[in-house]
Amino acid sequence: MSEVPILRAPVGTHDVLGPESARWEGLIATFAQFAYRYGFSLVLTPLFEDVGVFNRGIGEDSDVATKEMYVFEDRGGRHYALRPEGTASVVRAFVQHQPVTPWKAWYVTPAFRYERPQSGRYRQHHQLGVEALGTDDPALDVEVIALAWRFFQSLGLTRVRLVINSMGHDECRGRYVAALRAHLEANASRLCDEHREVWRRNPLRLLDCKRDECVAVTGVGPQLPDYLCDDCRAHFAQVTEGLVQLGVPWTRDPRLVRGFDYYTRTTFEFVADALDGAQNAIGGGGRYDGLVERLGGPATSGIGFASGVERLLLALGAEGVTTSLVRRELDVFVVDTTGHDAATTLLDDLRGAGFASDRAYDGRSMKAQMRVADRSGARVAVLVGPREESAGQVTIRDLRSEESVPQHLVARHDLVATLTRLLTK
RNA sequence: GUGGGCGUAGCUCAGUUGGUUAGAGCGCCAGGUUGUGGUCCUGGAGGUCGCGGGUUCGACCCCCGUCGCUCACCCCA
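The C-terminal position of the first sequence is numbered 425 in this note's numbering, with every residue numbered one higher than the one before it.
Next up, the structure:
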């Protein structure tokens with residue numbers, strides 16, 4: 001038809017429409033409800049920030065910062081990056097505005113990472129998350145983790161595991177990293193090809209490596225839990241005990257360190273066992289007690305959690321949960337054959353009364369309009385033609401009925417009242 | 001960045017050893033007598049066979065390149 005070539009969404013991005021978008025609405029609305037229940041309020045921050053926010057935030061040596069950031073220069077020569085994750089921006093906003101603590105905020109946002117897409121991994125994906133700043137009370141760790149857990153449960157996910165660990169605070173973590181570094185140095189030749197040369201850059205990364213060679217090296221030698229100080233041990237114990245009290249099951253993974261440099265003490269991840277692909281982490285987070293300072297603010301503790309919308313949807317699909325959590329079907333479809341557009345005022349009344357209503361356009365035949373009405377999924381059709389109009393009536397037809405004549409006439413001025421009775425029971 | 005698989009109608013796909021006007025199902029549109037959907041019947045619209053080059057008398061089919069999709073490694077949501 002057209003000579004203009006079809007433009008498509010960029011690599012690693014995707015459009016969401018149709019029934020799929022209803023599932024998105026449901027997820028987001030459910031999460032918003034949970035956040036509200038737990039005392040979090042919505043925070044909106046810019047999609048792009050000074051690159052320093054992310055470099056200093058998630059760590060210049062992290063994979064995300066070194067090779068996955070969408071960086072660009074604007075027309076004024078400023079260096080910006082599209083957010084690769086949610087926490088750094090929110091913490092920057094905290095530093096800038098210094099709200100009263102404890103400050104509990106939730107968000108839903110796109111996140112960008114330049115990497116090769118695959119199942120459950122995109123260049124633009126979307127995260128739902130919460131951040132809580134101003135206290136290192138383990139009760140808050142428990143609350144954030146419980147919020148995530150309950151959220152997943154409410155969605156209908158059953159095959160989700162919580163794995164948790166503590167990385168200690170700066171000091172004990174530092175001692176562990178030093179010990180790990182020495183251990184790696186002594187065994188560098190036995191590491192996998194990928195890490196043999198680059199382990200110095202970020203020793204903790206090696207714990208994530210699943211290759212046999214690296215696992216063999218890191219499986220022995222210094223172990224993170226042995227390096228925690230008494231305070232960090234106590235904190236971790238209180239968190240795990242709190243989870244037990246709430247009936248939130250967890251398992252400890254002493255190798256769980258996660259990819260961003262800001263984590264201290266509690267780290268956790270939710271693994272969806274229904275996903276057989278490599279991308280089976282549907283959420284994660286942790287405490288970041290030094291991050292506010294790193295971004296120029298006063299010493300402030302914080303903890304956060306984020307979940308990937310796309311992966312949640314994949315996990316839900318894999319578990320066979322197909323409900324959208326939010327109803328998006330029409331109540332009423334207006335079929336107008338008067339020839340002079342009686343539908344417009346009729347719809348205004350219906351919509352004003354709160355009914356989700358739609359119509360056909362372009363003066364199509366009644367048969368055609370009925371077909372569209374049927375496909376729309378509306379519960380009832382309201383028909384108005386010359387006969388009804390002259391009598392001051394409309395026909396209400398039940399579109400879900402199998403009967404041959406599931407319809408009746410009703411006075412025009414009784415329409416809203418009748419539908420209210422019909423559709424709200 | 002590296003590697004595997006795949007690109008034929010809006011969607012899911014068929015297309016025989018390369019041989020005339022490229023097909024199906026679903027979807028979409030219009031009809032099936034005068035105002036009625038979901039089933040059924042009939043008809044119709046819609047494709048530069050991803051794109052470019054090559055081999056050949058002839059290419060959807062073979063070769064090369066390229067773009068895209070997809071899966072995996074790495075890492076993460």
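A virtual CB, placed ideally from N, CA and C, is assigned to each residue, including glycine.
Beyond the five residues adjoining it in sequence on each side, G392 comes within less than 7 Å, by CB distance, of A411, R412 in the same chain, given in chain order. Shown here for G221: same chain residues with a beta carbon closer than 6 Å to its own, the five before and five after excluded, namely H183 in chain order. For Q96, the enclosing alpha helix (DSSP H) stretches over residues 87-97. With respect to A22, S324 sits close: the two C-beta atoms are nearer than 7 Å. Of the candidates L140, L347, S307, the residue whose Cα lies closest to the Cα of F236 is L140. Listed as beta-bridge partners of D50 by DSSP are Y80.
Around the beta carbon of G277, a 10 Å sphere encloses fewer than 16 other beta carbons of the protein chains shown; the residue is thus reported as exposed. DSSP, reduced to helix, strand and coil, places H14 outside both helices and strands of the structure shown, so it counts as coil.
Annotated three-state conformation of F355 is coil, per DSSP.
For the pair R294 and R116, the Cα-to-Cα distance works out to about 30 Å. Runs of the beta strand (DSSP E) lying entirely within the region 132-214 and spanning at least 3 residues, in chain order: 160-166.
For K104, the enclosing beta strand (DSSP E) starts and ends at 103-112. For D348, the three-state secondary structure derived from DSSP is helix. Membership of H235 in the alpha helix (DSSP H) is indicated by the continuous run 230-246. The three-state secondary structure of Q223, taken from DSSP, is coil.
When rounded, the separation of the alpha-carbon atoms in G120 and W250 is 24 Å. Listed in chain order, the non-local C-beta contacts of L42 below 8 Å within the same chain comprise A32, A35, A105, W106, Y107, local neighbours out to five positions each way being set aside. Secondary structure in the region 370-408: the alpha helix (DSSP H) runs of 4 residues or longer, each lying completely within the stretch, are 386-391 in chain order. Within the same chain, and ignoring the five residues on either side of R351 in sequence, the residues whose Cβ sits closer than 6 Å to its Cβ are S357. Around the beta carbon of E20, a 10 Å sphere encloses fewer than 16 other beta carbons of the protein chains shown; the residue is thus reported as exposed. Check the Cα spacing between S401 and each of A417, A378, V416, C209: the tightest is with A378. For G285, the pairing in a beta bridge is given by DSSP as F268, F305. Comparing alpha-carbon positions, the option among G247, T345, V380, E319 lying closest to E329 turns out to be V380. Taking 8 Å as the upper bound for CB-CB distance, P225 and P254 are in contact here, some 5 Å apart. Your pair A88 and F112 does not check out as a contact, with CB atoms roughly 13 Å apart and the cut at 8 Å. For D63, there is no enclosing beta strand (DSSP E); the enclosing alpha helix (DSSP H) has its first and last residue at 63-67. Counting C-beta atoms within 10 angstroms of its own C-beta, R75 has fewer than 16 neighbours from the protein chains shown and is therefore classed as exposed.
The DSSP-derived three-state label of R121 is strand.
Contact between the region 133-147 and the region 93-101 is present: three or more C-beta pairs spanning the two stretches fall below 8 Å. With contacts defined as CB atoms closer than 7 Å, N165 and L291 fail to qualify as a contacting pair. Using a Cβ distance threshold of 7 Å, Y262 and C172 do not count as a contacting pair. Looking only at R397, V144, P110, A417, the smallest Cα-Cα distance to V309 is reached by P110.
In this structure the region 362-372 does not lie against the region 312-322, because fewer than three pairs of beta carbons, one per stretch, are closer than 8 Å. Our two residues, P386 and T338, have alpha carbons roughly 5 Å apart in a direct line. Judged by DSSP in its simplified three-state form, Y36 adopts helix.
Our two residues, T66 and A234, have alpha carbons roughly 35 Å apart in a direct line.
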